[in-house]
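Taken in sequence, the protein lines are chains A and B. Position 109 of the first sequence, counted from 1, bears residue number 108 in numbering that gives the first Met the number 0, the numbering being contiguous throughout. Position 56 of the second sequence, counted from 1, bears residue number 55 in numbering that gives the first Met the number 0, the numbering being contiguous throughout. Beta carbons are placed, not taken as given, at the ideal position from N, Cα and C, and that holds for glycine. Please read these numbers as outputs of a predicted model, since none were measured by experiment. Contents: one structure, followed by commentary.
2 protein chains.
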Amino acid sequence: MLFISLNMHQLINRIESTVKLDSEVLEKLNNYAKVETYLKNQHLLESGKRCNKIWFLKSGMVRKYHVHNGKEITIWIYTEKEIFTALQSFSQNTCANEYLQACENSEVIYISKSNYEKLNQFPQFLFFSLSLIKRAFVNNDIRTRNLNKKDAKGKYEYLKAIAPEIIKRAKLGHIASMIGITQETLSRIRKG
Amino acid sequence: MLFISLNMHQLINRIESTVKLDSEVLEKLNNYAKVETYLKNQHLLESGKRCNKIWFLKSGMVRKYHVHNGKEITIWIYTEKEIFTALQSFSQNTCANEYLQACENSEVIYISKSNYEKLNQFPQFLFFSLSLIKRAFVNNDIRTRNLNKKDAKGKYEYLKAIAPEIIKRAKLGHIASMIGITQETLSRIRKG
DNA sequence: AAGCGTTTTTGACATACATCAAAGAAAAGG
DNA sequence: CCTTTTCTTTGATGTATGTCAAAAACGCTT
Numbered sequence: 000m001l002f003i004s005l006n007m008h009q010l011i012n013r014i015e016s017t018v019k020l021d022s023e024v025l026e027k028l029n030n031y032a033k034v035e036t037y038l039k040n041q042h043l044l045e046s047g048k049r050c051n052k053i054w055f056l057k058s059g060m061v062r063k064y065h066v067h068n069g070k071e072i073t074i075w076i077y078t079e080k081e082i083f084t085a086l087q088s089f090s091q092n093t094c095a096n097e098y099l100q101a102c103e104n105s106e107v108i109y110i111s112k113s114n115y116e117k118l119n120q121f122p123q124f125l126f127f128s129l130s131l132i133k134r135a136f137v138n139n140d141i142r143t144r145n146l147n148k149k150d151a152k153g154k155y156e157y158l159k160a161i162a163p164e165i166i167k168r169a170k171l172g173h174i175a176s177m178i179g180i181t182q183e184t185l186s187r188i189r190k191g
Numbered sequence: 000m001l002f003i004s005l006n007m008h009q010l011i012n013r014i015e016s017t018v019k020l021d022s023e024v025l026e027k028l029n030n031y032a033k034v035e036t037y038l039k040n041q042h043l044l045e046s047g048k049r050c051n052k053i054w055f056l057k058s059g060m061v062r063k064y065h066v067h068n069g070k071e072i073t074i075w076i077y078t079e080k081e082i083f084t085a086l087q088s089f090s091q092n093t094c095a096n097e098y099l100q101a102c103e104n105s106e107v108i109y110i111s112k113s114n115y116e117k118l119n120q121f122p123q124f125l126f127f128s129l130s131l132i133k134r135a136f137v138n139n140d141i142r143t144r145n146l147n148k149k150d151a152k153g154k155y156e157y158l159k160a161i162a163p164e165i166i167k168r169a170k171l172g173h174i175a176s177m178i179g180i181t182q183e184t185l186s187r188i189r190k191g
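Next up, the structure:
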């Protein structure tokens, strides 16, 4: 009889909306996945460190950013049920040059790189990994194209349309740097 | 005895720098891959059509662009030995909203989507697909981050550093729209 | 070599947005 | 509940780059 931790259901649903997993994979997944909590402002990952985890966000909000000329540039903000990692570091064993920080108290499930690779030895899980990254790739692509040729207001409206949760919950400055404008400009845009 | 078309060697080398393929996969790959040539300015793919091919560029140069307010925005320019497709259309069976156009006379190898999927039933090929897209994802990511917070000159210098071939061979206007500046600005940057 | 279409350069001008600075509002913390 | 810190708003000013238009250079084709 297969025992799956209660914590795992959201994640398993997420995966099984792409591929059905057989009990062998489910069991491994259940064993490999660990739950962890972070307080607001705590870092899940820091620039310069190697990223050897992939995360699933159960609750809260996590911001990915990098530092350029002493300024934090938000890359993306993740909300509930999203899966994220610092892919270059994770897949190429290099040092990350980005930070992952909880912007609210957050609860995550993570799988270590080595365990993730073990899961990927199962073709059904490998197939999931491929579709996960394909979707992420396509989304990035669409986002970049849409943001590129818009003015500040257009960028904000676009982000609002595709990620209303972020607009509601994230700080002004974080949102602004995500779409490449200053927070002063964003404040004025919001005013009307 | 396995016969592999001469045309295929470049592509096979490219794949086998990631995974060694056994003869069964090699044979299928050889059967599925077709060579095609395009004249300068001919389209490999047009917006509104479904993209059901993935290409390997043997020689020449291919530009991916989309049209925004009647203007062509270059997304990227591919040079020899690169693999490309319109991923959203290819993987989600939607209509492409981008064009692929030869900017020089070009020779490509393509594999149809259905054959590509057949190849992906082999875990070793699936593994290649995953690493291919991972690398593309990471490269896009790095590029976007680097281009975002630079001024026009910085963007140009960055592109020159990562893709000198494009700078040498592509048209001014194509390069300019790729980094989100006007061709007049780029012309002035080049002047000094 | 001449001619024609395309691409690049140059110039004058307009403007969206950044920057800097300081006040005001909200949140955190004792 | 009051204090301190952090975040957001508002205002004044500067500048990089866009836009429009025309000239110059380039590269095919005959």
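Exercise. Pull up the CB-CB distance for I136(B) and A135(A), whole angstroms please, since I reckon it's below 8 Å.
Key: Here residue 136(B) refers to the residue found at position 137 when the second sequence is read from its first residue. Here residue 135(A) refers to the residue found at position 136 when the first sequence is read from its first residue. Checking the sequence shown, residue 136(B) turns out to be Phe, not Ile. Yes, they are in contact, since the Cβ atoms of F136(B) and A135(A) sit about 7 Å apart, within 8 Å.
Practice problem: Inspect the beta-carbon positions of I108(A) and V34(A) and report whether they are closer than 8 Å. | Solution: Taking the first sequence and counting its residues from 1, one reaches residue 108(A) at position 109. Taking the first sequence and counting its residues from 1, one reaches residue 34(A) at position 35. A contact, by the Cβ cut-off of 8 Å.
Practice problem: Give me the Cβ distance between T78(B) and E156(B), rounded to the nearest whole Å; I'm assuming they're in contact under 8 Å. | Solution: Locating residue 78(B) in the second sequence gives position 79, where the first residue counts as 1. Locating residue 156(B) in the second sequence gives position 157, where the first residue counts as 1. That belief does not hold up - the Cβ atoms of T78(B) and E156(B) are roughly 19 Å apart, past 8 Å.
Quiz item: Does the distance from the CB of Y37(A) to the CB of I110(A) come in under 8 Å?
Solution: For the purposes of this step, residue 37(A) is taken as residue 38 along the first sequence, with counting starting at 1. For the purposes of this step, residue 110(A) is taken as residue 111 along the first sequence, with counting starting at 1. In this structure, I110(A) does not lie closer than 8 Å to Y37(A) by Cβ.
Exercise. Could you name the residues of chain A that V66(B) contacts, counting a contact when the two beta carbons are closer than 9 Å?
Key: Within the second sequence, numbered from 1, the residue matching residue 66(B) stands at position 67. Within chain A, no residue comes near V66(B); the closest Cβ sits about 11 Å away, beyond 9 Å.
Self-check item: Supposed contact pair A85(B) and G59(B) - C-beta distance, whole angstroms, cut 8 Å
Solution: Taking the second sequence and counting its residues from 1, one reaches residue 59(B) at position 60. Taking the second sequence and counting its residues from 1, one reaches residue 85(B) at position 86. In fact, because the Cβ distance is near 18 Å, the residues do not count as touching under 8 Å.
Quiz item: Would you say I180(B) reaches chain A, if we count a Cβ-Cβ gap shorter than 8 Å as a contact?
Solution: Here residue 180(B) is taken as the residue at index 181 of the second sequence, counted from 1. For I180(B), the answer is no, since every Cβ of chain A falls outside 8 Å of its Cβ.
Quiz item: Is the region 61-73 of chain B in contact with the region 173-188 of chain B, if contact means three or more CB pairs nearer than 8 Å?
Solution: yes
Practice problem: Using 10 angstroms around the beta-carbon of D150(B), count the other beta-carbons present and answer buried if the total reaches 16, otherwise exposed. | Solution: Translated into positions along the second sequence, residue 150(B) becomes position 151. So D150(B) counts as exposed.
Self-check item: Close-in-space but distant-in-sequence residues of the same chain around I166(B) (CB under 6 Å, 5 per side omitted)
Solution: By one-based count along the second sequence, residue 166(B) stands at place 167. If we look at I166(B) and ignore the five residues flanking it on each side, its Cβ neighbours are K159.
Quiz item: What is the residue span of the alpha helix (DSSP H) that Q100(A) lies within?
Solution: Stepping through the first sequence from its first residue, residue 100(A) is reached at position 101. First-last for Q100(A): 98-101, but that is the beta strand (DSSP E), not the alpha helix (DSSP H).
Exercise. Determine the closest residue to I72(A) out of F55(B), G191(B), L146(B), with distance taken between C-alpha atoms.
Key: The count along the first sequence starts at 1 and reaches residue 72(A) at position 73. The residue with the shortest Cα to Cα distance from I72(A) is L146(B).
Quiz prompt | 6 Å CB neighbourhood of I82(A) in its chain, flanking five on each side removed | solution = Counting from one through the first sequence, the residue named residue 82(A) turns up at place 83. Excluding sequence neighbours, I82(A) sits near F55.
Exercise. Determine, using beta carbons only, whether T84(B) comes closer than 8 Å to chain A.
Key: Taking the first residue of the second sequence as position 1, residue 84(B) is located at position 85. Cβ-Cβ to chain A under 8 Å: no for T84(B).
Quiz item: DSSP state of L38(B), grouped into three classes?
Solution: As a first step, residue 38(B) is located in the second sequence; it is residue number 39 there, counting from the start. Coil.
Quiz item: Can you tell me the Cα-Cα spacing of V18(A) and N12(A), whole angstroms?
Solution: Counting from 1 along the first sequence, the entry for residue 18(A) is found at position 19. Counting from 1 along the first sequence, the entry for residue 12(A) is found at position 13. Looking at the two C-alpha atoms, the distance is approximately 10 Å.
Quiz item: Any idea which residues DSSP pairs I165(B) with across the strands?
Solution: Here residue 165(B) is taken as the residue at index 166 of the second sequence, counted from 1. DSSP, once it has assigned bridges, lists no residue as partnering I165(B).
Quiz item: Of all Cβ atoms in chain B, is any one closer than 8 Å to the Cβ of D140(A)?
Solution: In the first sequence, counting from the first residue as 1, residue 140(A) sits at position 141. Interface residue, yes.
Quiz item: What is the residue span of the beta strand (DSSP E) that R62(A) lies within?
Solution: On the first sequence, residue 62(A) is found 63 positions in, with the first residue counted as 1. Per DSSP, R62(A) belongs to the beta strand (DSSP E) from 61-67.
Quiz item: List, in order along the chain, the chain B residues whose C-beta lies closer than 8 Å to that of S128(A)?
Solution: Position 129 of the first sequence, counted from the start, is the residue given in the question as residue 128(A). Within 8 Å Cβ-Cβ: L129.
Quiz item: Taking DSSP as the reference, what is the three-state secondary structure of T184(A)?
Solution: Here the question's residue 184(A) lines up with position 185 in the first sequence. Correct three-state label for T184(A): helix.
Quiz item: Hey, quick one: how far does the alpha helix (DSSP H) through S22(A) stretch, first residue to last?
Solution: As a position in the first sequence, residue 22(A) is number 23, starting the count at 1. From DSSP, the alpha helix (DSSP H) with S22(A) extends over 22-31.
Exercise. Could you have a look at S197(A) and say whether DSSP puts it in helix, strand or coil?
Key: The structure shown does not extend to residue 197(A), since chain A is modelled only from 0 through 191, so no value can be given for it.
Quiz prompt | Backbone secondary structure at S46(B) - three-state DSSP | solution = Locating residue 46(B) in the second sequence gives position 47, counting from the first residue. Three-state DSSP puts S46(B) in coil, outside helix and strand.
Quiz prompt | 8 Å Cβ cut-off: residues of chain A touching T78(B) | solution = Residue mapping note: residue 78(B) aligns to position 79 of the second sequence, counting from 1. Correct list: empty, because the minimum Cβ distance to chain A is about 20 Å.
Exercise. Name the two residues that bound the continuous beta strand (DSSP E) containing E71(B).
Key: For the purposes of this step, residue 71(B) is taken as the residue at position 72 of the second sequence. Residues 70-77.
Self-check item: Simplified DSSP state of F121(B), which is helix, strand or coil
Solution: In the second sequence, the residue the question calls residue 121(B) occupies position 122. F121(B) falls in the coil class under three-state DSSP.
Exercise. Counting only the same chain and skipping the five closest in sequence on each side, list residues whose C-beta sits under 7 Å from that of S4(B).
Key: If you number the second sequence from 1, residue 4(B) lands on position 5. Around S4(B): N29.
Practice problem: Decide if M177(A) is buried, meaning its Cβ has at least 16 other Cβ atoms within 10 Å, or exposed. | Solution: Here residue 177(A) corresponds to residue number 178 of the first sequence, with the count starting at 1. Label assigned to M177(A): buried.
Exercise. Report yes if the C-beta distance between L1(A) and E26(A) is below 8 Å; otherwise report no.
Key: Here the question's residue 1(A) lines up with position 2 in the first sequence. Here the question's residue 26(A) lines up with position 27 in the first sequence. Contact flag set, yes.
Self-check item: Partners in chain B for K148(A), counting only beta-carbon separations shorter than 7 Å
Solution: The residue you call residue 148(A) lines up with position 149 of the first sequence. H67, I72, listed in chain order.
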